[in-house]
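Novice:
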Amino acid sequence: MFSGKSEELVRRLRRALIARQHVQVFKPMTDSRHPPELLVTRDNRELAAVTVADALELRAKLERGVQVVGVDEAQFFDEGLTELVMELADSGVRVIVAGLDQDYQRKPFGPMPQVLAVAEYVDKMHAVCIQCGGPAHYSQRIAGGEEQVQVGDTEDYEARCRNCYRPYKAN
């Protein structure tokens, strides 16, 4: 979290739009922090998006002739996302995926490990550790329960480096 993944996704998709490519943007229904028809970054950049429940619905909402598909918050999708992005890429569609590879316990998160394994290019973004200022690799949960999926922001999570990360225990 807080590393600029969505900002980078929007930057790349805007370049495709400037190139007059047919772009579609998808986000999971699980992420309800912003209006369902918008992908909104931390610095308030917006792109029109389609909110879907899962990879099957994403597939159903793909438009004919799409050239670039962006997927935000991919960790919230089901395992079908990996197969779908492979099919799209194999058919010549450029697919750009943004998501967390690890949850707050530093365990693999959703379909991201499989998506990373089949990706041709991977850019791993790092936040700034809220404790020491170093590169942060982890999402430190600071409030809430112990379920894997807990949508939140600065009230629930902090960016932490390896040295500053502490296992979370719910009160």
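Counting in my numbering, the sequence shown runs from -7 upward without gaps.
Don't be surprised by glycine CBs; every beta carbon is placed ideally from N, CA and C.
#1: Report buried or exposed for G91, applying the criterion of at least 16 other Cβ atoms within 10 angstroms of its Cβ.
#2: Between R152, L50, R37, which has its C-alpha nearest V120's C-alpha?
#3: Rounded to whole angstroms, what's the CA-CA distance from V61 to P100? Just pull it up for me.
#4: Using CA atoms only, rank isn't needed, just tell me which of D95, G72, R56, V15 is closest to Y149.
#5: Can you tell me whether DSSP reads V2 as helix, strand or coil?
#6: If you drop the 5 nearest sequence neighbours on each side, which residues of the same chain put their C-beta closer than 7 Å to that of L19?
#7: Using beta-carbon positions only, say whether L73 and P103 come within less than 7 Å of one another.
#8: I10 by DSSP, collapsed to three states: which one?
#9: Near D70, which residues of its chain fall below 6 Å by C-beta distance, leaving aside the five closest residues on each side in sequence?
#10: Over what stretch of residues does the alpha helix (DSSP H) that includes Q106 continue unbroken?
#11: In its own chain, which residues sit with a C-beta less than 8 Å from the C-beta of V114, not counting the 5 before and 5 after it?
#12: Following the continuous alpha helix (DSSP H) through E79, name the residue where it begins and the one where it ends.
#13: How close, in whole Å, do the beta carbons of Y157 and Y130 come, if the pair is a contact with beta carbons under 8 Å?
#14: Classify Q140 as buried or exposed, calling it buried when 16 or more other Cβ atoms lie within 10 Å of its own Cβ.
#15: Decide if V15 is buried, meaning its Cβ has at least 16 other Cβ atoms within 10 Å, or exposed.
Specialist: Judging by the given coordinates:
#1: Classification for G91: buried.
#2: V120 has its Cα closest to that of R152, out of R152, L50, R37.
#3: CA-to-CA, the gap between V61 and P100 works out to about 23 Å.
#4: Nearest C-alpha to Y149: D95.
#5: Under the three-state reduction of DSSP output, V2 falls in the helix class.
#6: Strictly speaking, residue 19 in this sequence is Lys, with Leu absent from that position. Excluding sequence positions up to five before and after K19, its CB lies within less than 7 Å of the CB of L31, A41, T43, D64, E65, all in the same chain and listed in chain order.
#7: Taking 7 Å as the Cβ cut-off, L73 and P103 qualify as a contacting pair.
#8: For I10, the secondary structure class from DSSP, reduced to helix, strand or coil, is helix.
#9: Correct list, in chain order: D46, A47.
#10: Unbroken alpha helix (DSSP H) run through Q106: 104 to 110.
#11: Around V114: L108.
#12: Per DSSP, the continuous alpha helix (DSSP H) segment holding E79 begins and ends at 72 to 82.
#13: So it is a contact: roughly 5 Å between Cβ atoms.
#14: By the beta-carbon neighbour count (other beta carbons within 10 angstroms, threshold 16), Q140 is exposed.
#15: Buried, because 16 or more other Cβ atoms sit within 10 Å of the Cβ of V15.
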